[in-house]
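Asks:
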Amino acid sequence: MLCFYFFFNDTATTEIYTLSLHDALPISYDIGISFGGPIVFDKLWYYIAYNPTFEDQDVEIPGVGIYTDRKRSHRFAGKLTWQLSSKTNMAATILGDPTKHETVESQYSLTVPIMKSAGNADPYLGDIKTGGYNISLKLQHIFNNDFYIEASLSGLETYYNNIAATSRGRSEPFYMDFVEGVYYVEGGYGWHKRNHSMRLMSSINATCLLNSHILKAGIAYEDNFVDDRTFNKAGVNDELPSPILRFPTDSGPIYQGWWAEKDVRVHNRVPSFFLQDTWRATARLQVNAGLRWDGQFLVGSYGKVAQRITNQWQPRIGLAYQLGEIGSQKLFGSFGRFYEQLPLILTSTYFSNDLNIKTTYIQDPRTNAEPIDTKNVSTSIQPEVADLQGQYTDEFILGYERRIGEHLNLGIKGIYRKLREVVEDAENDNRTEIMGNPGKGELDFLPKFTREYTALEISIQKPRGKFNFLVSYVLSRNYGNYPGVFDSDIIYPEANVGNLNRPIQLINATGLLPNDRTHLFKIMGSYILVQGLSIGTSFFLATGTPLNEYGPVPGDPSNIIFHSKRGSIGRTPTIWDWNTRITYDLGSYTKMFSGFKILVDVFHLLSQREAVLLQQHKYNSDDGEGNLTVNQDYLTPEVYQDPVTIRLGLEVNF
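Under the numbering used here, the first residue of the sequence shown is numbered 1, with each subsequent residue one higher.
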C-alpha cells in the first residue's frame, strides 16, 4: 500500500501560541507499504509495514521572519506468528517511530501570558529527535476447552533529545519580557535536554470456564526507568541563568533567573495481580466482579527504594440486566476504583540531587549579574513520606440501552467520578518543596485537593448498513480545586507538579475547572453514495470553558492566585468543528485502476476561527500591599480554532 497526501489551508495568518502560519501552503507526504503472508504453510506467518512521513510548514516568528519547520518520521512494524502446535501459538512484534524534527517553536511557547514578538529567531529554532522501539513476545497455550493461559514479555524504549539548532541558541540565555504587555522574547534556546526512558513488562494470566462462571487471574511486573539530563543554563562558562524573566512591579521592573541542572536515573517498579469473575447468574442477569492490587516502589538515583505505596486495592463490580425480550433492552451499572501510576518526574525531583537556584535582580543580569536575592530550591534526596496514599478516583456508572426497530440503538448513561486522593508537591513555611498528599501529613497546611465530574450522556446509534451514524449529547459539570494531573491553569505539561503550592493559592480556587464544558454535542457517520463513492463526516458543538481572574502571588510572579471564585468570570465562546472525508475507489468501475483510491479530507470545514483560549491574567504584578498592575490584554484571544485545511490523497493497494 502506498499513500500520498497534500495539504492546503485557507488563511494567510494563523496564531498558534507564539507563532503564525505563513501564506505558503503546508505540505505533508505520507507513503505506506506493507507485505504479509506465510513462510511455512499453516505454521509460520510474517507481516512487515513501513510508513515514512514528511511534513514541512513555513512558520512566521513574530517580528523576525519566516522559517521552515521540518519533521521526518519513519514508522515501521514487523510481526511473526508461529503455530507451535494445535494448542500453542506464539507472536513476536516490533514497532518503531524514530523522528527528527527541525522545529520552529519556543521552549516556553505554552507560557501564560503568551509571547507576542521576538528579537531574534534562535529561541525558536530547535533540533529534536524523538521516537522509540517496542518489542513484545506473547505466548498462548490451551490445555483444554475450559482452561488456557497467556504470557507476555515486552520492552519499550523511547528517547527525547532537544537541543538548540544554532550556536547562539546554545550560548545565550532565553529572555522573556512581561512588562507593559509587551510579552517579548530574545536570546538563546533556553535549555538542553537528553531523555532516555525504558519500560519492561511481563505478565501471565489464566482463564478458566466453570459452568456459569468465567474466572480469570493474573500477575504482572513493570519496571519504568528514565535517564534524564536537562540543563537550563547558558554561556560557555555557565555565567548566566536561563531563562531570565522580566516582570513589572510598582517600584520598577525586576528580573528573575533560573539556574537548573538535572542528571538523574530513577525507576518506578510496579508489581500487580488481579482476580475477576464473569458470572452468568440467569438468562437475564450478568455480574462482573474483580479485585486488583498494584504496588509502586519509587527507586531514587542512588539505586535504593525511596518511596513505597503498597495499599492500592481496587475493587470493581458491574451488573447488566436484560429487560423485556432478550436482547432488546439492558439496564446496567458499575463501580470501579482506579489508581494513577505516578510519573517518574516525581521520583527524579524528590529522590535525586538537582541544582535549581532562583535569582532576583533589579537590573538586567546580562549587563550586571549581581543579584539582590538568591533562593536555592535545589532538591536533595528526601526521606520517605510516611503513609503516602496513591492518587485514585472512584467511578460510578448507571445506564439503560434499548433497541428501536431493527437498526437503531438508544442509550442513556449517568457518570460520576470523584477524585479521592492526590499526590502533589508544595512549598512549606521554610520555602522548601516537598511531596505528599495535600491536606495530610506534612502537606496539612493545604486543603484537600478535590475534583468531581458529573455527566448525563444520551446517544442514538445506527451501527450497520449503507448509512450508519452515532449521535450523542453530554451534559456535564467538572468542579473542584484541582485542575488535574497536568496543570491546565497555567498550561504546565509535567504531571503531578502543578502550581498550587501555597495556601494563598487555594483561596477562591474551588469552582468550575478549566476543562468544564456544560454541553457537548457530537455527530459521526458515513454514507455510501454510489458504487465506489462514499462520504464520512464528524461534527461537534461545545460550550466554552470557564474564565478566571488570575494574578501573581505577591512577591512571586511565577505562580498564580485567584482574585475571584474559580470559573466565575464567564466562558470562552461556544465552538463547533466539522470534518469530512470523501473516498472514491477507481477500481470499482475498471480493473485498470484496481487498488487505486482517491481521498479528499476537509478539516475544520467552514471554520469560524473562534477563540479557544483567552488571556486570564488580570494583573501582572502584586506587591502584597494592595498595589496591582492591570494587564491591558486581559480576556483578549490568544489561541484560535484551526483554519480550513484540505488534504488530497492517493492510496494504492497491491
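Ideal Cβ placement from N, Cα and C applies to all residues, glycine included. Quantities reported herein were computed from a predicted structural model and do not represent experimental measurements.
Give a yes or no on whether the C-beta atoms belonging to SER197 and PHE225 are separated by under 8 Å.
Replies: yes
Asks: Can you give me the C-alpha to C-alpha distance between ILE412 and THR543, rounded to a whole angstrom?
Replies: In a straight line, the C-alpha of ILE412 is about 21 Å away from that of THR543.
Asks: Which residues share a DSSP beta bridge with TYR207?
Replies: Checking the sequence shown, residue 207 turns out to be Thr, not Tyr. THR207 pairs with TYR148 and LYS216.
Asks: Is TRP576 closer than 8 Å to LEU605 when the C-beta atoms are compared?
Replies: no
Asks: Tell me where the beta strand (DSSP E) around ARG566 begins and ends.
Replies: Element bounds for ARG566: n/a, residue is neither H nor E.
Asks: Do ILE128 and HIS141 have their C-beta atoms within less than 8 Å of each other?
Replies: Not closer than 8 Å, so no.
Asks: Ignoring anything shorter than 3 residues, give me the beta strand (DSSP E) runs that lie fully in the stretch 58 to 112, in order along the chain.
Replies: 65 to 83, 88 to 96 and 99 to 104
Asks: From GLY188 to ALA49, what does the alpha carbon distance come to, in whole angstroms?
Replies: 40 Å
Asks: Under three-state DSSP, which class holds ILE39?
Replies: In this structure, ILE39 counts as strand in the three-state DSSP scheme.
Asks: Measure how close the beta-carbons of GLN307 and LEU298 come, nearest whole angstrom, since I'm counting them as under 8 Å.
Replies: Yes, they are in contact, since the Cβ atoms of GLN307 and LEU298 sit about 4 Å apart, within 8 Å.
Asks: Can you tell me where the beta strand (DSSP E) with GLY333 in it begins and where it stops?
Replies: 329 to 339
Asks: Opposite TRP578 in the DSSP bridges: which residues?
Replies: PHE539
Asks: Closer than 6 Å by C-beta to ALA509: which residues in its own chain qualify, once you throw out the five before and the five after it? Chain order, please.
Replies: Hits under 6 Å: ASN481, PHE562 and ARG566.
Asks: By DSSP's criteria, ASP30 is part of a beta bridge. Which residues make up the other side?
Replies: Note: ASP30 sits in a beta bridge opposite THR53.
Asks: Out of curiosity, what's the CA-to-CA distance linking GLY37 and LEU137?
Replies: 19 Å
Asks: I'd like the list of long-range same chain contacts for VAL471, defined as Cβ closer than 6 Å, with 5 residues on each side in sequence excluded.
Replies: ILE460 and ILE523
Asks: DSSP puts VAL299 in a beta bridge; with which residues?
Replies: HIS267 and VAL305
Asks: Bridge partners of PHE273, per DSSP?
Replies: ILE219 and TRP293
Asks: State the start and end residues of the unbroken beta strand (DSSP E) segment that holds ILE412.
Replies: 408 to 421
Asks: Tell me which residues share the same chain as GLY63 and place their Cβ nearer than 8 Å to its Cβ, disregarding the 5 neighbours each side in the sequence.
Replies: SER117, ALA118 and GLY119
Asks: Helix, strand or coil: how does DSSP classify ALA367 here?
Replies: In the sequence on display, residue 367 carries Thr and not Ala. In the structure shown, THR367 sits in coil (DSSP, three-state: anything other than H, G, I, E or B).
Asks: Could you work out which residue in GLU370, GLN615, ILE397 and GLU433 is closest to ILE491 when comparing CA atoms only?
Replies: GLN615
Asks: Flag this pair as yes or no: are the beta carbons of GLU651 and LEU599 separated by less than 8 Å?
Replies: yes
Asks: Is GLY525 near TYR619, with beta carbons less than 8 Å apart?
Replies: no
Asks: Taking all protein chains shown into account, do 16 or more other C-beta atoms lie within 10 angstroms of the C-beta of LYS304, making it buried, or fewer, making it exposed?
Replies: exposed
Asks: If we count the other Cβ atoms within 10 Å of its Cβ and call it buried at 16 or more, is HIS519 buried or exposed?
Replies: exposed
Asks: Can the beta-carbon of ILE357 be found less than 8 Å from the beta-carbon of SER378?
Replies: yes
Asks: Could I get the ranges of all uninterrupted beta strand (DSSP E) runs contained in the stretch 425 to 490, with 3 residues as the minimum, in chain order?
Replies: 433 to 436, 451 to 462 and 467 to 480
Asks: Please report how far the alpha carbon of ILE569 lies from the alpha carbon of PRO514, in whole angstroms.
Replies: 12 Å
Asks: Any chance the stretch 327 to 336 sits against the stretch 214 to 232, with 3 or more Cβ pairs inside 8 Å?
Replies: no
Asks: Between VAL602 and the rest of its own chain, which residues show a CB-CB distance below 6 Å, the 5 nearest in sequence each way excluded?
Replies: THR580 and ILE646
Asks: Under the rule that 16 or more other beta-carbon atoms within 10 Å means buried, what is LEU648, buried or exposed?
Replies: exposed
Asks: Three or more beta-carbon pairs under 8 Å between the stretch 331 to 347 and the stretch 495 to 509, yes or no?
Replies: Yes: the two stretches touch, three or more of their Cβ pairs being nearer than 8 Å.
Asks: State the CB to CB distance for the pair SER352 and VAL423, rounded to an integer number of angstroms; the pair is presumed to be in contact (CB under 8 Å).
Replies: So it is not a contact: roughly 17 Å between Cβ atoms.
Asks: With 16 as the cutoff for other CB atoms within 10 Å, does HIS267 come out buried or exposed?
Replies: buried
Asks: By how many angstroms is the C-alpha of VAL644 removed from the C-alpha of GLU60?
Replies: 19 Å
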